[in-house]
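Each number in my numbering comes from the position in the sequence shown (counting from 1) with 1338 added on.
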Amino acid sequence: MVKTVLDRNGKILLAIAAVLVILSLVYMYGYGHDPLAPFEGPKLDPPSGEFWLGTDHLGRDVASRLIYGSYLTLGLVVVAVLMAMTAGTLLGMLAGYQVVPWLTPIIVFIGQISVVFPVRVLPLLIITIFGNGLLGMVLSMAFSIWGQFFWLIHDETKALHGRGFIRAGFMLGSSKWGIIRLHILPHLLPTVILLSTICFRSAIGVISTLSFLGIGVRPPTPTWGSMIADGHPYIMQAWWTILFPTAALAGSILLVNYLGNTLERMWNRKGTLAEERRDNGEISSSAAS
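In structure tokens, the structure reads:
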């Protein structure tokens, strides 16, 4: 199924990503330097055999910092998206199916608050409450995107409320929790996964913006945003200090977007094939009768 939806550009993109991952592992374990410690040598040294991506204004290895920053940036984003996905999906189904009727207005009110603030303002408020650091960064990203999961799942759950298979499960004696677990959640799972790829892109934008502003992860720990901010004053004399973290940021967003589009095509194709089989079965039954 994957081969049928991967076009030529997708294969090239995935091949490039695989090569970059392999090169990063080779460099880190064979040539890499301490990403936090400055090198006692020329500052802003261009890419060379010793420093594949050059050094920054403090003499630190750009390649090692980029790889370390990739692990940190992507790791924080994954944790934040998983938190937002879990909370938004669970609360969206609870409110949409009204599992606890008295709790539904409270959940909806919290969901409304989450979309009042712009996506770049809410993280600042969260960090103000929880302070700088990894916890504040993860919570700020999760709070900024969980509302997207909540409202989409809430509306989709309400739309499923009157479907035949939901009514059948209820008439057969299933509890509301059982219907959510056995019927609603499996039906919404493709939507949740597709939305996760979109929110992944948004979360990368949030962490990069905060890091660029010097908020969140404390220096000298590198993230893509902080590396772009550090290299910005030297863009004319040391282009490599800003080019490579910018390319990593743009490339990751491009790859996630393509992944989301590929998954969408896979599920659309699967749904089309299912409809064709159902129609063929109906035609065969009609012909037999």
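Even for Gly, the Cβ is constructed at its ideal location relative to N, Cα and C.
Pop quiz: residue i and residue j are said to be a contact at Cβ under 8 Å. What is the actual Cβ separation, rounded to whole angstroms?
| i | j | result |
| --- | --- | --- |
| F1538 | V1453 | F1538 to V1453, Cβ: 19 Å. No contact. |
| M1475 | G1407 | No, M1475 and G1407 are not in contact; Cβ-Cβ is about 13 Å, not under 8 Å. |
| A1588 | G1392 | With a Cβ gap of about 19 Å, A1588 and G1392 do not count as contacting. |
| I1464 | F1481 | 5 Å |
| M1431 | L1523 | 7 Å |
| M1479 | I1545 | 6 Å |
| P1376 | L1396 | 5 Å |
| G1543 | A1567 | With 8 Å as the limit, G1543 and A1567 do not qualify as a contact, their Cβ atoms being about 15 Å apart. |
Can you give me the C-alpha to C-alpha distance between residue i and residue j, rounded to a whole angstrom?
| i | j | result |
| --- | --- | --- |
| L1374 | R1398 | 7 Å |
| P1443 | D1383 | 59 Å |
| L1410 | Y1435 | 37 Å |
| H1499 | A1418 | 29 Å |
| L1352 | V1400 | 24 Å |
| G1502 | I1405 | 51 Å |
| L1510 | L1548 | 51 Å |
| T1427 | G1469 | 27 Å |
| L1429 | I1360 | 40 Å |
Would residue i be called buried (16 or more neighbouring beta carbons within 10 Å of its own) or exposed?
| i | result |
| --- | --- |
| M1423 | buried |
| W1484 | buried |
| R1556 | exposed |
| F1447 | exposed |
| D1394 | buried |
| W1515 | exposed |
| V1357 | exposed |
| H1371 | buried |
| L1473 | exposed |
Using three-state DSSP, classify residue i as helix, strand or coil.
| i | result |
| --- | --- |
| T1393 | strand |
| D1399 | strand |
| F1455 | coil |
| G1430 | helix |
| P1558 | coil |
| S1622 | Only weak support is given to the placement of S1622: the predicted model assigns it a pLDDT of 49, under 50, and the question is left unresolved by the model. |
| D1372 | coil |
| D1568 | helix |
| V1437 | coil |
| S1513 | coil |
| S1478 | helix |
| A1355 | helix |
| E1602 | helix |
The ligand GDP and residue i: does the residue's C-beta get closer than 8 Å to at least one heavy atom of that ligand?
| i | result |
| --- | --- |
| A1576 | The ligand GDP is not part of the structure shown, which contains no ligands of any sort. |
Would you say the stretch 1522–1534 touches the stretch 1487–1507, given that touching needs at least three Cβ pairs under 8 Å? yes
Examine the Cβ distances between the stretch 1547–1567 and the stretch 1576–1594 and report whether three or more of them are shorter than 8 Å. yes
Okay, do the stretch 1588–1604 and the stretch 1514–1533 touch, 3+ Cβ pairs below 8 Å being the bar? The stretch 1588–1604 vs the stretch 1514–1533: in contact.
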